[in-house]
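Numbering (our numbering), first residue to last: 1 to 143.
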């Protein structure tokens, strides 16, 4: 899994990539979290949360998933520093279903490492696909 920040005026454009679609979505989530929490955080000490999202298309699923990450942070009163997509599958009706796990800490425990606030994942620049045998997932985040 990897990610990169793309050039964008005003907001943040992100792209996750990997050999599987799950790793591409995980990379996109890590890119988003890297905007909010600077630098690596030791895993294993934070609060864990199971996340789920469902949508009609892979692109819609990316936006729904990233917005679920943001929403769940607010509900739990934490900032996630890690998020791993465990499974993306299609239902018998053709919908996409995602299951993930995130780990976070209260903002006070991350003092000095707080970055910009991400308000939402948007449909701007949205694209999920394959390039050179790898999956990628990109969109623009509203800061």
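Glycine included, C-beta positions come from ideal geometry on N, C-alpha and C.
Model, not experiment: these values are computed from the prediction.
Within the segment 3-45, the complete alpha helix (DSSP H) segments of 4 residues or longer fall at 21-36, listed in chain order. A direct Cα-Cα distance of roughly 31 Å separates residue 103 from residue 93. Counted as a single uninterrupted DSSP element, the beta strand (DSSP E) harbouring residue 134 occupies residues 134-142. In the three-state reduction of the DSSP assignment, residue 90 falls in the strand class. Note on geometry: alpha-carbon atoms of residue 110 and residue 80 lie some 10 Å from one another. Distances from the CA of residue 82 to each of 99, 27, 89 were compared; the closest alpha carbon is that of 27. Taking the CA atoms as reference points, residue 78 sits about 36 Å from residue 133. Around residue 127, the same chain offers 138 as residues with beta carbons nearer than 6 Å, after the five sequence neighbours per side are excluded.
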